[in-house]
Amino acid sequence: MTPDRTVLRAATPDDDSFVIEMARHACVIEDRPLPDPDDDEVLEMLPPAGVVPIIAQDHNGTSVGAVWTYYGSPPLRCDAAGVPLPELCIAVAPGHRGVGIGGMLLDALFAALVQSHDAMCTNVHVRNPAKKLYERKGFRAVGQGNGPLGLALIKDLR
Ligand SMILES: CC(C)(COP(=O)(O)OP(=O)(O)OC[C@H]1O[C@@H](n2cnc3c(N)ncnc32)[C@H](O)[C@@H]1OP(=O)(O)O)[C@@H](O)C(=O)NCCC(=O)NCCS
2 MTPDRTVLRA ATPDDDSFVI EMARHACVIE DRPLPDPDDD EVLEMLPPAG VVPIIAQDHN
62 GTSVGAVWTY YGSPPLRCDA AGVPLPELCI AVAPGHRGVG IGGMLLDALF AALVQSHDAM
122 CTNVHVRNPA KKLYERKGFR AVGQGNGPLG LALIKDLR
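Numbering of the sequence shown is given in our numbering, commencing with residue 2 and proceeding in unit increments.
What follows is the structure, given as structure tokens:
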């Protein structure tokens, strides 16, 4: 399913507060309280210098989702040469989930990242329904992620 009239665009500095809001959502499983904007987990997930998030915008011009990559410390996974893989950060605003926006954002991220990376990774809570979406999009479980209920997933881009 693809959401009608949703467009993707590169983030600008005007999107900074929306990007922080999406990072807060990406930190938690649905229905749990969002962390503060200056929580360490949120700050770590924010796009590093040089990384431009992709924003999904609805037909009214309202931002409804975002995706980008960052580098966690310590890295979740490295490639065979020991170079950290970029980690996924994605969220779709509540009320807009389940209609294909997350899938659309992931496809756009893969298309952009493939130019510079062989693979990327993500951490997902074992009970997060996002796991199903990630697997459908080609991520495979590779073992322990962050915390006791975290699972590390890798997506080969090439
Ligand atoms: C995970 C997330 C980005 C997916 O975006 P989305 O637009 O809802 O995803 P899509 O509509 O493209 O795909 C739907 C799939 O996403 C998963 N999903 C996760 N949360 C969902 C929700 N609230 N509603 C529907 N699907 C959800 C399901 O696997 C679903 O697959 P299914 O349709 O086969 O059941 C979004 O639900 C979200 O922001 N969740 C909260 C933040 C989060 O968990 N981020 C990831 C951290 S690892």
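Beta carbons: idealized from backbone N, C-alpha and C, even for Gly.
All figures in this text were calculated on a predicted structure; none of them were measured in a lab.
At least 3 beta-carbon pairs within less than 8 Å: the stretch 72 to 90 vs the stretch 42 to 52: yes
Measuring CA to CA, which of V143, D32 and T13 is closest to G96? Here residue 96 refers to the residue found at position 95 of the sequence shown. With distances taken between Cα atoms, G96 lies closest to D32.
Have a look at M148 and H118 and give me their C-alpha separation to the nearest angstrom. Translated into the one-based positions of the sequence shown, residue 148 becomes position 147. Translated into the one-based positions of the sequence shown, residue 118 becomes position 117. The residue you asked about is not Met; residue 148 is Gly in the sequence shown. Roughly 26 Å between the two C-alpha positions.
Does A142 come out as helix, strand or coil in the three-state DSSP assignment? On the sequence shown, position 141 is the one that residue 142 refers to. Of the three classes helix, strand and coil, the one that applies to A142 here is strand, per DSSP.
N-terminal and C-terminal residue of the beta strand (DSSP E) that I30 is part of: If you number the sequence shown from 1, residue 30 lands on position 29. Neither: I30 is in no beta strand (DSSP E) and is coded neither H nor E.
With a threshold of 8 Å (Cβ to nearest heavy atom), would D131 be considered close to ligand 1? Residue 131 sits at position 130 when you count from the first residue of the sequence shown. It is Ala, not Asp, that sits at residue 131 in the sequence shown. Yes, Cβ of A131 sits closer than 8 Å to a heavy atom of ligand 1.
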